[in-house]
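Residue numbers (this note's numbering): 721 to 834.
Here it is, written out as structure tokens:
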């Protein structure tokens, strides 16, 4: 990860963008496709690519959870905050799921491009 630091973070950002775009079309395959893109760009072997896919999956889900909490608070006040917080906690579970799928996709991308 140290020698390819520029490629690693570029892969994470690219994987996050691909995950965000692909999730609308294929909800279960979006993190795998994004992780695969992150793994191809990150290089450094299977492990480095899997870490890039994992981080890209976590980032995408965290940003979605924060937006839902802020949106709920803005629209509904205190009750919206609690509803947004509950929804955010559920999204954190799905964040872990997306991160694991992203890591799998990243590992496959790392295997295909050593």
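Even for Gly, the Cβ is constructed at its ideal location relative to N, Cα and C.
- Contact between residue 773 and residue 735 holds: CB atoms are separated by about 6 angstroms, below the 8 angstroms threshold.
- The segment 749-757 makes contact with the segment 819-827, as at least three CB pairs between them are under 8 angstroms.
- Remark: three or more beta-carbon pairs, one from each stretch, lie closer than 8 angstroms, so the segment 727-747 and the segment 768-785 are flagged as touching.
- Counted as a single uninterrupted DSSP element, the alpha helix (DSSP H) harbouring residue 808 occupies residues 765-832.
- DSSP, read as helix, strand or coil, puts residue 751 in helix.
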